[in-house]
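K.L.:
Read in the numbering used here, the sequence shown has 231 at position 217, and its numbers run on one by one without any break. Idealized CB from N, CA, C, for every residue including glycine. Please read all numbers here as calculations on a predicted model, not as lab measurements.
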Amino acid sequence: MDRPISRRDFFDGVATVAGVAALGSLAGCAGPGAGRPNSIGTKRLKVPSEIDYPPVLTGMQGNTSHALSVPHALRDNRFWDHAGAPEPTGEHYDLVVVGAGISGVTAAHRWLERAPDARILILDNHDEVGGHARRNEFHPAGRKGPLIGYGGSQSIEAPSAWTPEGKDLLDKIGVRVRRFEEYFDQALYTGMGMYDSVFCDRETFPREKLVVFAPGRKAPQWIAELPVAEEARKDLLMLYGHPPDWFPGLSDDRKKERLAGLTYAEFLRDVCRVHPDVLRYVQTMPNDEWGYGSDAFGAIDAWGSAGEYGYPGFQGLGLDRSKPSRYNSPSMIKGWGADDPYVYHFPEGNQAIVRMMIGRMIPGFATATEMEEISTATFDYGRLDLPRNQIRIRLSCPVVSAANDGDPATATTATVGYFDGERVRTVRAANVIMACWNMVIPYLVGELPADQKDALSKAVKVPLLYSMVQLRGWEAWKRAGISRTRFTGAYWCVAELDYPVSIGEYLRPRTPDQPINVHMISTPAVPGMSPAGGSVAGRHKLLKTPYDYLEYSIRDQLTRLLGPSGFDPARDIQAITVNRWGHGYAPEYATPWNLDFYPEGPFPAAVARRRAGRIAIANSD
15 MDRPISRRDF FDGVATVAGV AALGSLAGCA GPGAGRPNSI GTKRLKVPSE IDYPPVLTGM
75 QGNTSHALSV PHALRDNRFW DHAGAPEPTG EHYDLVVVGA GISGVTAAHR WLERAPDARI
135 LILDNHDEVG GHARRNEFHP AGRKGPLIGY GGSQSIEAPS AWTPEGKDLL DKIGVRVRRF
195 EEYFDQALYT GMGMYDSVFC DRETFPREKL VVFAPGRKAP QWIAELPVAE EARKDLLMLY
255 GHPPDWFPGL SDDRKKERLA GLTYAEFLRD VCRVHPDVLR YVQTMPNDEW GYGSDAFGAI
315 DAWGSAGEYG YPGFQGLGLD RSKPSRYNSP SMIKGWGADD PYVYHFPEGN QAIVRMMIGR
375 MIPGFATATE MEEISTATFD YGRLDLPRNQ IRIRLSCPVV SAANDGDPAT ATTATVGYFD
435 GERVRTVRAA NVIMACWNMV IPYLVGELPA DQKDALSKAV KVPLLYSMVQ LRGWEAWKRA
495 GISRTRFTGA YWCVAELDYP VSIGEYLRPR TPDQPINVHM ISTPAVPGMS PAGGSVAGRH
555 KLLKTPYDYL EYSIRDQLTR LLGPSGFDPA RDIQAITVNR WGHGYAPEYA TPWNLDFYPE
615 GPFPAAVARR RAGRIAIANS D
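1) Near F311, which residues of its chain fall below 7 Å by C-beta distance, leaving aside the five closest residues on each side in sequence?
2) Look at N593 and S117 and say whether their C-beta atoms are less than 8 Å apart.
3) For a quick check, are the C-beta atoms of L556 and I530 less than 8 Å apart?
4) Taking DSSP as the reference, what is the three-state secondary structure of P583?
5) Can you tell me which residues form a DSSP beta bridge with S634?
6) Return helix, strand or coil for Q235, following the three-state DSSP convention.
7) Roughly how many whole angstroms lie between the Cα atoms of C411 and G76?
8) Using a 10 Å radius around the Cβ and a threshold of 16 neighbouring Cβ atoms, would you call R190 buried or exposed?
9) Please name the residue, chosen from R493, G349, T390, P326, that lies closest to S336 on a Cα-to-Cα basis.
10) Buried or exposed: where does G378 fall if 16 or more other Cβ atoms within 10 Å of its Cβ makes it buried?
11) Can you tell me the Cα-Cα spacing of P463 and G615, whole angstroms?
12) If I follow the unbroken alpha helix (DSSP H) through M252, where does it start and stop?
13) Please state whether DSSP places M646 in a helix, a strand or coil.
14) Measuring alpha carbon to alpha carbon, tell me which residue in G330, A172, E244, D249 is nearest G263.
15) Pull up the CB-CB distance for L251 and V292, whole angstroms please, since I reckon it's below 8 Å.
16) Using alpha carbons as the reference points, say which of S308, A630, A416 lies closest to P640.
17) Return helix, strand or coil for E195, following the three-state DSSP convention.
18) Please report the residue range of the alpha helix (DSSP H) in which G349 lies.
19) DSSP three-state label for F328, please.
20) For the alpha helix (DSSP H) that contains N301, what are its first and last residues?
21) Taking one C-beta from the stretch 516 to 529 and one from the stretch 482 to 497 each time, how about it: are there three or more such pairs within less than 8 Å?
22) Is G55 helix, strand or coil by DSSP?
23) Taking only three categories from DSSP, how would you classify I376?
24) Pull up the DSSP beta-bridge partners for T591, would you.
25) Can you name, in chain order, every residue of its own chain whose Cβ lies under 7 Å from the Cβ of A366, other than the five neighbours on each side?
26) Tell me the rounded alpha-carbon separation between H554 and Y432.
27) Quick check on E510: does DSSP put it in helix, strand or coil?
28) May I have a chain-ordered list of the alpha helix (DSSP H) segments no shorter than 4 residues that lie completely inside the stretch 83 to 157?
29) Please give the ranges of any beta strand (DSSP E) in the stretch 370 to 421, keeping only runs that are unbroken, at least 3 residues long and fully inside the region.
30) By the three-class DSSP mapping on this structure, what secondary structure does I568 have?
31) Flag H256 as yes when its Cβ comes closer than 7 Å to any non-hydrogen atom of the ligand PLP, and as no otherwise.
32) Let's test the definition: count the other Cβ atoms within 10 Å of the Cβ of H146 and tell me whether it reaches 16, buried, or not, exposed.
33) Report the three-state DSSP secondary structure of L458 (helix, strand or coil).
34) If we count Cβ pairs, one from each stretch, closer than 8 Å, do we get three or more for the stretch 312 to 330 versus the stretch 254 to 270?
35) From R92 to Q404, what does the alpha carbon distance come to, in whole angstroms?
36) Does DSSP put K558 in a helix, a strand or coil?
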């Protein structure tokens, strides 16, 4: 009680009061100390204050109120009223990078290739490197070494479709993706009779039912088990069996153009005229990959994603699949035809790539930097910001301003201000790269022209929650015959056993009596709206959701799913880390929502990413 109130405490408080009503009273979401090592999640989830290794922190992580308080104060025009005058540090760098995620760290790594003697400072508002690529680490009794999970960016997806620059980066840091085909045990779960499934939950249907997609089961067999109306059952059999040509007489291009004007739910409802239970059944099919449901997911992308169990109804259209439609989303077009298996995965996800780069740039941070050693290396966060470092990383220091020193057309330096928890400090740089959320840049770089600020503000990220639930064992999963399930309407849309990867000295769980991580996904975007509108509304709702509810919903859904197979949450759940990403998936141009400029252009990103003097803009947005 005698501890003086710091400016950061003040911003933690005002951000939650002014930004989200009553948030400060919710456990695990706000208030002084929220998101700090000695106040993680609910009151009963204390972590000793001497812990300075972020991956072992449980409870609420990611976009905590501690990380968001200053950005929210800037957004609400409250920050500078209380921050005080900026104080120069006297530091000067060749490059300052705003954001310590994959984009920012890669920018620094690439800069060093061209200027090996450059001095670089990386600033980030979070307590961890990697941005959305976050490592979750557990230490269950009886296991040799940590049990590692990913709290964000999962895997190296479709590396054959990566840009030459991306492939070059992986090559330079020694990531040989084909080795994962040996490290990833693709037959572990199926060899034990465990498969994908869908859980028709009480939020959607009159009774709950787990339906398993075991190999060899034909659509009529598993559709017969769904708790849907008989008319919906007939519609599903038609959609998965032999749907008609819904647009007879139209050319291939015209059919795809018609699909581009519809969401998948609209296609089923207005074109196929199916029973409402069908819409309820398919609603969460795209959630884990896109962050929103079938009511917002474009029909043309549903066609591009259609498979044995997902997005039925397109077979009768006879569409050419040899190439994508120009109306497909950019990422789908880029990866079209790529046959890479989804196995290029480090135990900690893509944070391994970040750590491999930082370990090469900052002496002493990592005891090893090779692909097979990075997951079991040890890391010294105290080395990140030493004065003697050529490359420095300053965490929990949100940037609050970036400006050219003089006319952007002729400036040779820029000044960057950041909040260190007590005051605003400034550094000077010959170059600045904004590798942060594009939407926040207009609040940081005031000199940008209005059209560029407007374009940046359109980069609305999709909110999501990635939770890692550490279990005592996974016997109940085996008895249920599942390794993954999709919920049709509950708070968490996916629950799946962790990817079975053994790499170097890190060994995956091998038998169901061993501890394992379960990955759970929740997508808070509000249904019935556009992806951008639903994301904004969902983010506001997410920030009001206390950790207590998130923990309860995890325990509740796993019990409903696995209770009949002997799962006991009190016995089997040993730790929970909820990675809250209010600003999660990067937005993507998609139909029907962006038909005013997509696919012909011009695209907002072309305006948004324009350089401003010494300040350049990066990131996946």
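P.N.:
Short version:
1) On the sequence shown, position 297 is the one that residue 311 refers to. Here the set comprises T277, Y278, P300, W304.
2) If you number the sequence shown from 1, residue 593 lands on position 579. If you number the sequence shown from 1, residue 117 lands on position 103. No. Outside cutoff.
3) One-based indexing of the sequence shown puts residue 556 at position 542. One-based indexing of the sequence shown puts residue 530 at position 516. No, Cβ-Cβ distance for L556 and I530 is not below 8 Å.
4) For this step, residue 583 is matched to residue 569 along the sequence shown. Helix.
5) Stepping through the sequence shown from its first residue, residue 634 is reached at position 620. Answer by DSSP bridge pairing: none, since S634 is not bridged.
6) Indexing the sequence shown from 1 puts residue 235 at position 221. Helix.
7) As a position in the sequence shown, residue 411 is number 397, starting the count at 1. As a position in the sequence shown, residue 76 is number 62, starting the count at 1. For C411 and G76, the distance between alpha carbons rounds to 15 Å.
8) Locating residue 190 in the sequence shown gives position 176, counting from the first residue. It is exposed - the Cβ of R190 has fewer than 16 other Cβ atoms within 10 Å.
9) Taking the first residue of the sequence shown as position 1, residue 336 is located at position 322. Checked all of R493, G349, T390, P326; the closest Cα to S336 is G349.
10) Position 364 of the sequence shown, counted from the first residue, corresponds to residue 378. Exposed, since its Cβ has fewer than 16 Cβ neighbours within 10 Å.
11) In the sequence shown, the residue the question calls residue 463 occupies position 449. In the sequence shown, the residue the question calls residue 615 occupies position 601. So the alpha carbons of these two residues sit roughly 20 Å apart.
12) Position 238 of the sequence shown, counted from the first residue, corresponds to residue 252. Taken as a continuous stretch (DSSP letters only), the alpha helix (DSSP H) holding M252 covers 244 to 254.
13) Outside the shown range of the chain, which is 15 to 635, sits residue 646, and nothing can be said about it.
14) Taking the sequence shown and counting its residues from 1, the one referred to as residue 263 is at position 249. Here the closest residue by C-alpha is G330.
15) Numbered from 1 along the sequence shown, position 237 holds the residue referred to as residue 251. Numbered from 1 along the sequence shown, position 278 holds the residue referred to as residue 292. Not quite, the Cβ-Cβ distance comes to about 11 Å (not below 8 Å), so this is no contact.
16) With the chain represented from 15 up to 635, any question about residue 640 goes unanswered, as that position is not in the structure.
17) Numbered from its first residue, the sequence shown carries residue 195 at position 181. It is helical.
18) Position 335 of the sequence shown, counted from the first residue, corresponds to residue 349. Here the alpha helix (DSSP H) through G349 covers 344 to 349.
19) If you number the sequence shown from 1, residue 328 lands on position 314. The answer is coil: DSSP assigns F328 none of H, G, I, E or B.
20) What you label residue 301 is simply residue 287 of the sequence shown in a count that begins at 1. It spans 301 to 304 - the alpha helix (DSSP H) in which N301 sits, taken as one unbroken run.
21) yes
22) Locating residue 55 in the sequence shown gives position 41, where the first residue counts as 1. Interpretation of G55 is limited by its pLDDT of 29, a score under 50 that renders its predicted location unreliable; the figure taken from the coordinates is listed afterwards. G55: coil per DSSP, three-state reduction.
23) As a position in the sequence shown, residue 376 is number 362, starting the count at 1. Coil at I376, not helix or strand.
24) For this step, residue 591 is matched to residue 577 along the sequence shown. Partner(s): G73, M482.
25) One-based indexing of the sequence shown puts residue 366 at position 352. Only F360, I388, S389 meet the Cβ criterion.
26) Taking the first residue of the sequence shown as position 1, residue 554 is located at position 540. Taking the first residue of the sequence shown as position 1, residue 432 is located at position 418. Their backbone Cα atoms lie some 25 Å apart in a straight line.
27) In the sequence shown, residue 510 corresponds to position 496, counting from 1. Of the three classes helix, strand and coil, the one that applies to E510 here is strand, per DSSP.
28) 94 to 97, 116 to 128
29) 405 to 408, 413 to 418
30) The residue given as residue 568 occupies position 554 in the sequence shown. Helix, per DSSP.
31) Annotation note on the ligand PLP: not contained in the displayed structure, which lists no ligands.
32) Translated into the one-based positions of the sequence shown, residue 146 becomes position 132. H146 comes out buried.
33) The count along the sequence shown starts at 1 and reaches residue 458 at position 444. Three-state DSSP puts L458 in a helix.
34) yes
35) Residue numbering aside, residue 92 sits at position 78 when the sequence shown is read from its first letter. Residue numbering aside, residue 404 sits at position 390 when the sequence shown is read from its first letter. Looking at the two C-alpha atoms, the distance is approximately 35 Å.
36) Sequence index remark: in the sequence shown, residue 558 carries index 544 (1-based). Three-state DSSP puts K558 in coil, outside helix and strand.
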